[in-house]
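From first to last, the protein sequence lines are chains V and C.
Counting in this note's numbering, the first sequence runs from 127 upward without gaps.
Counting in this note's numbering, the second sequence runs from 127 upward without gaps.
Just so you know, even glycine gets a beta-carbon here, dropped at the ideal spot from N, CA and C.
Nothing here was measured: the structure is a model prediction, and the numbers come from that model.
These notes concern the structure reproduced below.
Protein chains: 2
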Amino acid sequence: MAARPKILIIEDDRRMSDALVSGIEAAGYDVNAAGTAEEGFFLLHQCHPDLLLLDLTLPQRNGLDILRQIRSEGTDVRVLILTSHNTVEDRVTGLRTGADDFLGKPFSFAELLARIDALLRRILQPPASTNLTIGDLTLETKTRTAARAGEPLELTAREFDLLLYLAENRDRTVSREMLAKDVWRETSRYTPIDNVIDVQIARLRKKIDDPYPIKLLQTVRGIGFSLREPQP
Amino acid sequence: MAARPKILIIEDDRRMSDALVSGIEAAGYDVNAAGTAEEGFFLLHQCHPDLLLLDLTLPQRNGLDILRQIRSEGTDVRVLILTSHNTVEDRVTGLRTGADDFLGKPFSFAELLARIDALLRRILQPPASTNLTIGDLTLETKTRTAARAGEPLELTAREFDLLLYLAENRDRTVSREMLAKDVWRETSRYTPIDNVIDVQIARLRKKIDDPYPIKLLQTVRGIGFSLREPQP
DNA sequence: ACAAACCTGACAAGTTTCTGACATTCTCGC
DNA sequence: GCGAGAATGTCAGAAACTTGTCAGGTTTGT
């Protein structure tokens, strides 16, 4: 699916259809148009488009019927409904019938394109692994693993949570209050005596910074801590 | 992802947040809520929700910034923006920044639910995967058989279900709660005393890992278990 | 130099996980 | 339905590990 995504338009108004085709083609898609439900089904099965732009107000057949049939066939093409019937009930019905999005006429062409792009984004780009990077330190939140310079780090649950929070706020300074509230989940905690946070920071440091020359976890005296790449 | 889809809400207005949580929970989703951007990020990476409901008008940080950071990290969670700024420009900007859908306040709750369902529809559907492979371990869902290094494994029904679930979530860490809910199908279960899961994991391990030098089923202390190829 | 802020090693308490033994439930063929 | 054998669940104790606490020591800014 690395090629240009294909879009099929089912719309009976010729003038509207032509405008859509040329506008969407200009945006870099491969566009086909059908003026009737029958032609639409034919093209749907012939071209296997990634997205279907469906006008609900076709003369012969109700657009929702078409949608129902598409879904009952198990075709999982994305469907964006275009229609002048645009009440909350219309939208809910359309979405419940199996549409992925719904745009009422008249619409802004920019918004239509934005919605098309949003629907096709996941097809265009392969899902990247979600991770955070600070210098040569990498976090994989999905597997809850961390590595520095390629070396996997053995972190406990608390240590990973702490590092994650710092990484999300990289280059910012996070206070003890923030850590107490968001990582330790304690509101009543954080009496000045309580230095759990410092101890845990020290333990984290021992694992992620001590064995390496460049220190990423810095303390901001009087404020808190900050995870950042030091500037030379 | 046979489990209930998880939804995270980032919304600072407590009243609105509570209403959303209970309403969406009633619709059968697993809901979490955050009141600040920091908390939101933390939960996002900790729980890996399938959908994020994002209020753009947070006090400290602009919601679009959050969205940008999420996307630049490569996190591919679906995002539905909720906001009272609802012009065409707002919608286009939101969608272009990486949102999947956009709903202006005030909204109809029925429409919100319909849009949530539409966004998550593809996740709910069975993955339809027939064979899974992790290292030299192979599973065939059709025949419910498993083999390691070509050697067929004699697994009981429970053991196969457990292994299948772990395989479907390969490289991810699955918690005991997830296993209790999705493999054992018990909601009331999982009292800390109850260690059926541990015992069953031990039995599975005895069959799939003990006879082989490379261990695939790893325990992530404090979190759960993970089926993955270990890195050298 | 002083006080406040911060770091660190040691320890204890608490928690989590593993394991073997046993109890119960289920699944067959008969 | 009955009983053997397998599958699954329960339990208790041990082992391993994590986390919080505390008592000093060190650093830092004024």
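Neighbouring residues, chain C, relative to Ile222 of chain V (Cβ below 7 Å): For the record, residue 222 of chain V in the displayed sequence is Arg; it is not Ile. Per Cβ cutoff of 7 Å: Ala240.
Leu206 of chain V beta carbon less than 9 Å from that of Leu184 of chain V: Cβ distance not < 9 Å, so Leu184 of chain V and Leu206 of chain V don't count as in contact.
From C:Asp287, C:Glu355 and C:Glu237, residue whose alpha carbon lies closest to that of Asn212 of chain V: Nearest C-alpha to Asn212 of chain V: C:Glu237.
Within-9 Å CB hit, Asp181 of chain C to chain V: False, the Cβ-Cβ gap to chain V never drops below 9 Å.
Lys268 of chain C - DSSP class collapsed to helix/strand/coil: In the displayed model, Lys268 of chain C falls within coil according to three-state DSSP, outside both helix and strand.
Per-residue burial, Ile249 of chain V [other beta carbons within 10 Å of its own, 16 or more giving buried]: In summary, Ile249 of chain V is exposed, with fewer than 16 beta-carbon neighbours lying within 10 Å of its beta-carbon over all protein chains present.
Segments assigned beta strand (DSSP E), at least 3 residues, entirely inside the stretch 182 to 212 of chain V: Within the stretch 182 to 212 of chain V, the complete beta strand (DSSP E) runs of at least 3 residues are 204 to 209.
Status (buried if at least 16 other CB within 10 Å, exposed otherwise) for Asp303 of chain V: It is worth fixing the name first, because residue 303 of chain V is Glu in this sequence and not Asp. Under this definition Glu303 of chain V is an exposed residue.
Buried or exposed by the 16-neighbour rule on C-beta atoms within 10 Å, applied to Thr267 of chain V: The residue is buried, with at least 16 neighbouring Cβ atoms inside 10 Å.
Minimum C-alpha distance to Pro232 of chain C - residue among C:Arg270, C:Val218 and C:Ser210: The residue with the shortest Cα to Cα distance from Pro232 of chain C is C:Ser210.
Cut-off 7 Å between Cβ atoms - residues of its own chain near Arg284 of chain V, not counting five sequence neighbours on either side: Setting aside the 5 residues that flank it on each side, Arg284 of chain V is surrounded in the same chain by Gln326, each with a C-beta closer than 7 Å to its C-beta; the list follows chain order.
Cβ pair Leu179 of chain C, Ile260 of chain C closer than 9 Å: Against a cut-off of 9 Å, the Cβ pair of Ile260 of chain C and Leu179 of chain C comes out as no contact.
Asp262 of chain V, DSSP secondary structure in three states: Asp262 of chain V falls in the coil class under three-state DSSP.
Buried or exposed by the 16-neighbour rule on C-beta atoms within 10 Å, applied to Val346 of chain V: Counting the other Cβ atoms within 10 Å of the Cβ of Val346 of chain V gives fewer than 16, which makes it exposed.
Alpha carbon of Asp144 of chain C to alpha carbon of Leu246 of chain C, nearest angstrom: Leu246 of chain C has its alpha-carbon roughly 21 Å from the corresponding atom of Asp144 of chain C.
Whole-angstrom C-beta distance between Asp138 of chain C and Asp181 of chain C, which should lie under 8 Å: Going by Cβ atoms, the distance from Asp181 of chain C to Asp138 of chain C rounds to 7 Å, so yes, they are a contact pair.
Proximal residues, the stretch 225 to 250 of chain C versus chain V, C-beta separation under 9 Å: Shown in chain order are the members of the stretch 225 to 250 of chain C whose Cβ falls below 9 Å from a Cβ of chain V: Ala225, Asp226, Asp227, Phe228, Phe233, Ser234, Ala236, Glu237, Leu239, Ala240, Arg241, Asp243, Ala244, Leu245, Arg247 and Arg248.
Pairwise C-alpha distance: Tyr338 of chain V and Phe202 of chain C: Here the sequence assigns Asp to residue 202 of chain C, which means Phe is not the residue at that position. Distance from the CA of Asp202 of chain C to the CA of Tyr338 of chain V, rounded to the nearest whole angstrom, comes to 32 Å.
Anticipated Cβ contact below 8 Å, Gly154 of chain C with Arg130 of chain C, distance rounded: Taking 8 Å as the upper bound for CB-CB distance, Gly154 of chain C and Arg130 of chain C are in contact here, some 6 Å apart.
Among C:Ile133, C:Ala159 and C:Lys132, nearest to Arg140 of chain C - alpha-carbon criterion: Of C:Ile133, C:Ala159 and C:Lys132, the residue nearest in Cα terms is C:Ala159.
Burial state of Val300 of chain V (16 or more Cβ within 10 Å): Its Cβ being crowded by 16 or more others within 10 Å, Val300 of chain V is buried.
CB contact check: Asn295 of chain V to chain C, cutoff 9 Å: Yes, because at least one Cβ of chain C sits closer than 9 Å to the Cβ of Asn295 of chain V.
Bridge-paired residues (DSSP) for Ser301 of chain V: Answer is V:Gly350.
Counted within 10 angstroms of its Cβ, other Cβ atoms place Glu199 of chain V as buried (16 or more) or exposed: Exposed is the call here.
Residue range of the beta strand (DSSP E) that includes Phe235 of chain C: Note, Phe235 of chain C: premise wrong, no beta strand (DSSP E); alpha helix (DSSP H) at Phe235 to Leu250.
Asp323 of chain C to Lys332 of chain C span [Cα, whole Å]: In the sequence under discussion, the amino acid at residue 323 of chain C is Ile, which differs from the Asp named in the question. Within the model, the alpha-carbon separation for Ile323 of chain C versus Lys332 of chain C is close to 14 Å.
CB contact check: Arg194 of chain V to chain C, cutoff 9 Å: It does not; no Cβ of chain C falls within 9 Å.
Where Asp308 of chain V meets chain C, residues with beta-carbon distance less than 7 Å: Within chain C, the residues near Asp308 of chain V are Glu164, Glu165 and Phe168.
Separation of Leu342 of chain C from Arg270 of chain V, as counted between CA atoms: If you take the alpha carbons of Arg270 of chain V and Leu342 of chain C, they lie about 16 Å apart.
7 Å Cβ shell around Leu221 of chain C - same chain, five flanking residues per side excluded: Phe228.
Given Ala163 of chain C as reference, the closest of V:Asp336, V:Gln357, V:Lys307 and V:Ile334 once Cα atoms are compared: Nearest to Ala163 of chain C by C-alpha distance, out of V:Asp336, V:Gln357, V:Lys307 and V:Ile334, is V:Lys307.
Which listed residue (C:Leu239, C:Arg298, C:Glu355 and C:Ile136) has its alpha carbon closest to that of Leu263 of chain C: Residue C:Glu355 is the option with its Cα nearest to Leu263 of chain C.
Nearest candidate by alpha-carbon position, reference Ile340 of chain V, set V:Gly161, V:Gly224, V:Leu170 and V:Arg274: Considering only alpha carbons, the answer is V:Arg274.
Residue-chain proximity (Arg284 of chain V, chain C), Cβ-Cβ < 9 Å: Judged by the 9 Å Cβ criterion, Arg284 of chain V is in contact with chain C.
Anticipated Cβ contact below 8 Å, Arg194 of chain C with Thr223 of chain C, distance rounded: Correct: roughly 6 Å between the Cβ atoms.
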